[in-house]
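**Student:**
Residue numbers (our numbering): 3 to 165.
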């Protein structure tokens, strides 16, 4: 069975251009949405805000979910479950230095992204843009974060809920 990585991505559009990061990943120069892995104790929404800031220096404000995507590498060794958000960025310039490995940020239209198809980090990049352009939006409340404090206690020795 392959390992599943939970990731988030920010699909940010301005004037029919999409914000992408150019970065080094696995020794290759690739293009991707501001994206990354969910960290322990973090909600999906918190993760996409953090990743967008770390990779672009900008403050991302999620407004909707574009989609939830499962992608498996060709060798079948890894699977990625990605929640893609859309939203806006707050006015102003970068608020912090960019993560190590980030080369630059770019605002590219759909055709320019397509031209870089061979250097996209995954097929999810173009699919997220296309779904965004198609108007696919799910409300943020379609995601539920179940934390220990929000769940009833469960007594596994008695196989029933308590509290």
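Cβ atoms here follow ideal geometry from the backbone N, Cα and C, with glycine treated the same way.
Taking only runs that begin and end inside the stretch 69-119, name each unbroken beta strand (DSSP E) of 3 or more residues, in chain order.
**Tutor:** Segments of the beta strand (DSSP E) lying fully in the stretch 69-119: 80-91 and 104-110.
**Student:** In the structure shown, what three-state DSSP assignment does residue 55 receive?
**Tutor:** If you number the chain shown from 1, residue 55 lands on position 53. Residue state, collapsed to three classes: helix.
**Student:** Give me, in chain order, the residues of the same chain whose beta-carbon lies closer than 8 Å to that of residue 106; leave out the 5 immediate sequence neighbours on both sides.
**Tutor:** Your numbering for residue 106 matches position 104 in the chain shown. Contacts found: 23 and 24.
**Student:** Output the distance between the C-alpha atoms of residue 57 and residue 80, rounded to the nearest integer angstrom.
**Tutor:** Your numbering for residue 57 matches position 55 in the chain shown. Your numbering for residue 80 matches position 78 in the chain shown. Taking the straight line from one Cα to the other gives about 23 Å.
**Student:** Could you give the residue range of the beta strand (DSSP E) that holds residue 7?
**Tutor:** Translated into positions along the chain shown, residue 7 becomes position 5. Counting along the chain, the beta strand (DSSP E) containing residue 7 begins and ends at 5-13.
**Student:** When the Cβ atoms of the stretch 97-115 are set against those of the stretch 124-134, are three or more pairs found closer than 8 Å?
**Tutor:** Yes, the stretch 97-115 is in contact with the stretch 124-134.
**Student:** Taking the alpha-carbon of residue 49 as reference, which of 15, 87, 32 and 68 has the nearest alpha-carbon?
**Tutor:** Here the question's residue 49 lines up with position 47 in the chain shown. Considering only alpha carbons, the answer is 87.
**Student:** CA-CA distance, residue 13 and residue 148?
**Tutor:** As a first step, residue 13 is located in the chain shown; it is residue number 11 there, counting from the start. As a first step, residue 148 is located in the chain shown; it is residue number 146 there, counting from the start. Each residue's Cα considered, the two are about 25 Å apart.
**Student:** Specify the secondary structure class of residue 21 as computed by DSSP and reduced to three states.
**Tutor:** On the chain shown, position 19 is the one that residue 21 refers to. Here residue 21 sits in strand by DSSP.
**Student:** Below 6 Å CB to CB, which residues in the same chain sit around residue 17 once its five sequence neighbours on both sides are set aside?
**Tutor:** Taking the chain shown and counting its residues from 1, the one referred to as residue 17 is at position 15. The answer is none, since no qualifying residue turns up.
**Student:** Indicate the three-state DSSP secondary structure (helix, strand or coil) for residue 139 in the structure shown.
**Tutor:** For the purposes of this step, residue 139 is taken as residue 137 along the chain shown, with counting starting at 1. Looking at residue 139 - three-state DSSP - the assignment turns out to be coil, as it is neither helix nor strand.
**Student:** From the DSSP output, read off the bridge partner residues of residue 145.
**Tutor:** For the purposes of this step, residue 145 is taken as residue 143 along the chain shown, with counting starting at 1. In the DSSP output, where bridge partners are listed per residue, residue 145 has none listed.
**Student:** Quickly, what does DSSP pair residue 38 with across the bridge? List them, please.
**Tutor:** Position 36 of the chain shown, counting from 1, holds the residue named residue 38. Per DSSP, 10.
**Student:** Tell me residue 64's beta-bridge partners as DSSP assigns them.
**Tutor:** Here residue 64 refers to the residue found at position 62 of the chain shown. According to DSSP, which records beta bridges pairwise, residue 64 is partnered with 89.
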